[in-house]
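In order, the protein sequences belong to chains S and V. Residue numbering for the first sequence follows the numbering used here, starting at 1011 and increasing by one per position. Residue numbering for the second sequence follows the numbering used here, starting at 18 and increasing by one per position. Ideal Cβ placement from N, Cα and C applies to all residues, glycine included. From a predicted model like this one, the values you see are computed outputs, not experimental measurements.
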Amino acid sequence: MSEIKTEFYKRNAAKAIKDPVLQHALSDVQNRLGPATALAYKNLPEGMALRQKAHEIRQFAINHLDILLETLVKKIRDRGGTVYFARDAADATSYCLKVAKENQIKMVVKGKSMVTEEIGLNKILEANQIEVNETDLGEYIIQLAGETPSHIIAPAIHKTRKEVAQLFTQKLGIPYCEDPPVLTQAARKTLRKKFLAADMGLSGCNLACAETGHITTVSNEGNIRMSTTMPKVHMAFMGMERVVARLEDHDALFRLLSRGAAAQNMAGYVSYIGGPRTEDQLDGPDQFHLVILDNGRSRILADPEFREILLCIRCAACLNVCPAYGKIGGHSYGYPYSGPIGAVITPLFVGVNRAKDLCCGEPLCGACKEACPVDIDLPRMLLGLRAKLAEGDPKWGVTQANSMEKIAFQIWSLIIRNRRVYDLALKTGSLIQKLLPKKNGMITTMPFIFKGWTQSRDIKPLARSSFLTQWKNRENKP
Amino acid sequence: MTGPITQEINDAQQHEFIMTIQKALGKSSGPALPELFGTAPNDLDTRLNAYINKSQPDRMALLDLFIEQAQLLNLAVRPVENVSRAGLAIQEFIEQTQPEWGTQKSVIAWHHPLIEQLNLGKNLADDITLFTTRSSSAPDSKERAQIRSQLINSYIGISAADFCVAQSATLVLRTRPHQPRAVSLVPSIHVAVITLDQIIENLTELYFRLKWDPEEQKLGLTNCMTFISGPSKTGDIELVMVHGAHGPRQMIVYVITG
């Protein structure tokens, strides 16, 4: 299991906002990728409507997930592949370790995979004396730095070229140089040796196809092709929801995924992998293992309110437009999934109370829904999670986050439904506010439970008399 | 590798896993498979016919679209009249380029009818070694290790392709005997040779033909079908685009138009 640090959301967010380097990097990502993706959608021959079609394709797949998975695994087994169904993170990592030990694996090369971050695979392999090499350049940078990804598809986006240059000088022993092509070449040279020496390759899975019995992997660097072609064992990890029924479903989905992730017409490499090397072939792995992971997904599937989040194809388009992510960055979310997708899925994975700040921190502006290539209504689910926090929900094990809040709103509801009581409350308020500190005619500090309202802004005092009273006085005048 | 007892445990675990999903979905069984995966459209023959027998002007228009899209990806497209011109052009290219790692100029080419016709072995300069990936019907580990080492030591890999999708400048390669995947991956430069009739319009056409054309159904997608759209690239350092992350840093497609 990945380390959960969702409790420190507020503290880490405050730190991130004060980090000028991070602020620059985040606005750069958002200014460039956000609008580029929006334009790429607009330029689709089918226009924005393709997103609704993709939504339906994903919805259809989720509704038939049982049959699709059974069809997929049968075809993969028929080709000589091995499939393992893992209930949770521990189950998945121990299977991986078992296969690694059976094959005396000393070194693995890894393609970028969010699901292996979710199950915390690297730590477990390393604890068993297996060398793990992340090979996506961004993942490689953060592995060298001992950090975690801060963006789903650009994991090292919080690092400047200066920091990467210092890191590579220190860890790879190359002369200091800030030029991205030179830095990329240094990583290329180092990792090429690893690709050719590793005995096991690990990858995720972008979208499987049930009909043909293939998983797919997508990259621009070619590192996933390397990891799944050169070592003698390939193990792929997929969240159980990452499958569609028909081959032609990939038409809309790959075009949208490429646009959502990086505003590309098509990702550089897409591989359909359906089994190990056959005896007449010259390369490819001798063993192909697919691990299909539940780890909390079936619980989400069982709740119609949140089932829609399983449609997600992890493109990170929502991160690139989210005003909250754009200020606090990926690390604040305290779990591998960040941004609006993280704010919905992390509470469902690790506990709504434990990750309550994530869903409360998003602004509900709707930008994520518009950017989503499969048109997921993220704001609706953010609100749904907040409702659970407000009311409590035994089904999800959610306890009411603040019982006083509910009582306060019940009292407020009584007050505003009775004109006389309301007027009395206004009058009392306008008397009490005379005692409060003010600056330029604005209240700067409120007491007790109201203090949150003036934490980062001043508030206007109540008017001397209410609008209705003023209106009546006007009308009564001749 | 897995004994019968382990297999039984695995089956039980799969059963439990699928049952959990069915319970979550609130159902016991789903629709019949044809409904899930689609049935052959009524106009299947007409559509296939239109796809396979494109007119020459249509094919040339697709080539133009491919060239236009390839440009955006730093993918070079070189139309040539016939296969012998392609052979000469590739030979010239090999003579003009230098290896990325080391000094030995080695080139590896697929054992494939179209690539054989290039006649590359004939006129190459003495300092250039050409490897071909011809193998026995069931290559043993020694034979595979030999070709792997030739592949690693080659700076140019020459392959054919099954299709070329014009709209996204994507080559589609399926795995076959004598045609290792790594030829389009490990060498620093990937050279592909295709014929004009292999260029198709878009993914819709590709998937339709793979799914419904009886000729394509025979082979299927194989155990590894790869889409390649341009040379390897990364933007992981400050979103600066760099070509040649882990795969080929340069890619050229020769299109035989005659």
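Pairwise C-alpha distance: S:E1380 and S:Y1051: Within the first sequence, the letter at position 41 stands for residue 1051 of chain S. Within the first sequence, the letter at position 370 stands for residue 1380 of chain S. Near 10 Å, if we compare the C-alpha coordinates of S:E1380 and S:Y1051.
For S:T1454 and S:A1246, the rounded distance between their alpha carbons: As a working mapping, residue 1246 of chain S is identified with position 236 in the first sequence. As a working mapping, residue 1454 of chain S is identified with position 444 in the first sequence. Straight-line Cα distance between these residues: approximately 56 Å.
Interface residues of chain S facing V:N27 [CB-CB closer than 8 Å]: In the second sequence, counting from the first residue as 1, residue 27 of chain V sits at position 10. Under the 8 Å cutoff, chain S gives Y1094 and F1095.
Interface residues of chain V facing S:Q1291 [CB-CB closer than 7 Å]: Your numbering for residue 1291 of chain S matches position 281 in the first sequence. The contacting residues are T192 and P194.
Beta-carbon proximity check, S:E1318 vs S:D1387, cutoff 8 Å: Taking the first sequence and counting its residues from 1, one reaches residue 1318 of chain S at position 308. Taking the first sequence and counting its residues from 1, one reaches residue 1387 of chain S at position 377. Cβ atoms of S:E1318 and S:D1387: closer than 8 Å.
Pairwise C-alpha distance: V:A186 and V:M220: The count along the second sequence starts at 1 and reaches residue 220 of chain V at position 203. The count along the second sequence starts at 1 and reaches residue 186 of chain V at position 169. First, the residue type needs correcting, since residue 220 of chain V is Leu and not Met in the sequence shown. Distance between the alpha carbons of V:L220 and V:A186: 11 Å.
Residues near S:Y1186 in its chain [Cβ-Cβ closer than 6 Å; skip 5 each side]: Taking the first sequence and counting its residues from 1, the one referred to as residue 1186 of chain S is at position 176. Cβ within range, chain order: A1175 and T1179.
Chain-ordered neighbours of V:I164 on chain S, where CB pairs are closer than 9 Å: Walking along the second sequence from the start, residue 164 of chain V turns up at place 147. Per Cβ cutoff of 9 Å: L1292 and D1293.
Contacts that S:Q1171 makes with chain V (C-beta to C-beta distance below 7 Å): Locating residue 1171 of chain S in the first sequence gives position 161, counting from the first residue. Checking the sequence shown, residue 1171 of chain S turns out to be Arg, not Gln. Neighbours of S:R1171 on chain V, chain order: I254 and E255.
Whole-number beta carbon distance between V:V259 and S:P1191, since they are thought to touch under 8 Å: By 1-based counting over the first sequence, the position of residue 1191 of chain S is 181. By 1-based counting over the second sequence, the position of residue 259 of chain V is 242. With 8 Å as the limit, S:P1191 and V:V259 qualify as a contact, their Cβ atoms being about 5 Å apart.
Buried versus exposed call for S:N1022 [16 or more other C-beta atoms within 10 Å across all chains shown]: Here residue 1022 of chain S refers to the residue found at position 12 when the first sequence is read from its first residue. Buried, by the Cβ-count rule.
Ordered list of alpha helix (DSSP H) runs contained in the region 139-183 of chain V, each at least 4 residues: For the region 139-183 of chain V, whole alpha helix (DSSP H) runs of length 4 or above, ordered along the chain, are 158-169.
Opening and closing residue of the beta strand (DSSP E) in which S:E972 lies: Outside the shown range of chain S (1011 to 1488) lies residue 972 of chain S, about which nothing can therefore be said.
V:C241 - partner residues in DSSP beta bridges: Residue mapping note: residue 241 of chain V aligns to position 224 of the second sequence, counting from 1. In DSSP, V:C241 forms a bridge with S:I1283.
Exposure label - S:A1071; buried when at least 16 CB within 10 Å: Locating residue 1071 of chain S in the first sequence gives position 61, counting from the first residue. Under this definition S:A1071 is a buried residue.
Burial state of S:P1030, where buried means 16 or more other Cβ atoms lie within 10 Å: As a working mapping, residue 1030 of chain S is identified with position 20 in the first sequence. Around the C-beta of S:P1030, fewer than 16 other C-beta atoms lie within 10 Å, and the residue is accordingly described as exposed.
S:R1265 at chain V interface by Cβ criterion, 8 Å: Residue numbering aside, residue 1265 of chain S sits at position 255 when the first sequence is read from its first letter. So, interface residue.
Contact list for S:L1082 against chain V, beta-carbon separation under 9 Å: The residue labelled residue 1082 of chain S in the question sits at position 72 within the first sequence. Neighbours of S:L1082 on chain V: none; closest Cβ ~12 Å, over 9 Å.
Residue-chain proximity (V:S72, chain S), Cβ-Cβ < 8 Å: Taking the first residue of the second sequence as position 1, residue 72 of chain V is located at position 55. Cβ-Cβ to chain S under 8 Å: no for V:S72.
Residue-level contact to chain S via CB, V:A41, 8 Å cutoff: Here the question's residue 41 of chain V lines up with position 24 in the second sequence. Interface residue, yes.
S:K1522 versus S:W1463: straight-line alpha-carbon distance, rounded: With chain S running from 1011 to 1488 in the structure shown, residue 1522 of chain S is simply not present.
Reduced DSSP secondary structure (H/G/I, E/B, other) of S:S1213: By one-based count along the first sequence, residue 1213 of chain S stands at place 203. DSSP places S:S1213 within a strand segment (E or B) once states are collapsed to three.
S:R1186 - DSSP class collapsed to helix/strand/coil: As a first step, residue 1186 of chain S must be located in the first sequence, where it is residue number 176. Correcting the residue type first, residue 1186 of chain S is Tyr in the shown sequence and not Arg. If DSSP states are grouped into helix, strand and coil, S:Y1186 belongs with coil.
Cα-Cα separation, S:S1160 to S:E1017: Position 150 of the first sequence, counted from the start, is the residue given in the question as residue 1160 of chain S. Position 7 of the first sequence, counted from the start, is the residue given in the question as residue 1017 of chain S. Roughly 17 Å between the two C-alpha positions.
Under 7 Å by beta carbon: chain S residues contacting V:L227: Taking the first residue of the second sequence as 1, we reach residue 227 of chain V at position 210. Result: L1257.
is_contact[S:N1450, chain V] using C-beta, thresh 8 Å: Looking up residue 1450 of chain S in the first sequence gives position 440. False, the Cβ-Cβ gap to chain V never drops below 8 Å.
Proximal residues of chain V, C-beta to C-beta of S:A1166 below 8 Å: Residue 1166 of chain S sits at position 156 when you count from the first residue of the first sequence. Neighbours of S:A1166 on chain V, chain order: D253 and I254.
Inter-residue Cα distance where the pair is S:Q1274 and S:A1048: The residue you call residue 1274 of chain S lines up with position 264 of the first sequence. The residue you call residue 1048 of chain S lines up with position 38 of the first sequence. Looking at the two C-alpha atoms, the distance is approximately 11 Å.
The ligand GTP heavy atom lying under 7 Å from the CB of S:E1231: No copy of the ligand GTP appears in this structure; indeed no ligand is present at all.
Test item: CB-CB of S:G1349 and S:C1369 under 8 Å: Reading the first sequence from its first residue, position 339 is the one you call residue 1349 of chain S. Reading the first sequence from its first residue, position 359 is the one you call residue 1369 of chain S. Going by C-beta atoms, S:G1349 is not nearer than 8 Å to S:C1369.
Cβ of V:G119 within 8 Å of any chain S Cβ: Your numbering for residue 119 of chain V matches position 102 in the second sequence. Not an interface residue.
Nonlocal neighbours in the same chain, by C-beta distance under 7 Å from S:Q1443, ignoring five residues either side: Position 433 of the first sequence, counted from the start, is the residue given in the question as residue 1443 of chain S. Taken in chain order, the residues that qualify are I1453, P1471 and L1472.
Nearest to S:E1080 (by Cα), restricted to the options S:C1322, S:A1255 and S:P1389: Working through the first sequence from its first residue, we reach residue 1080 of chain S at position 70. That would be S:A1255, whose Cα lies nearest to the Cα of S:E1080.
Among S:V1125, S:G1130, S:L1082 and S:V1142, the one whose alpha carbon lies nearest that of S:A1110: Residue numbering aside, residue 1110 of chain S sits at position 100 when the first sequence is read from its first letter. Nearest C-alpha to S:A1110: S:V1142.
Cβ contact (3+ pairs, closer than 8 Å) linking the region 1084-1092 of chain S and the region 1229-1243 of chain S: no
Where S:L1193 meets chain V, residues with beta-carbon distance less than 8 Å: The residue you call residue 1193 of chain S lines up with position 183 of the first sequence. Within chain V, the residues near S:L1193 are I254.
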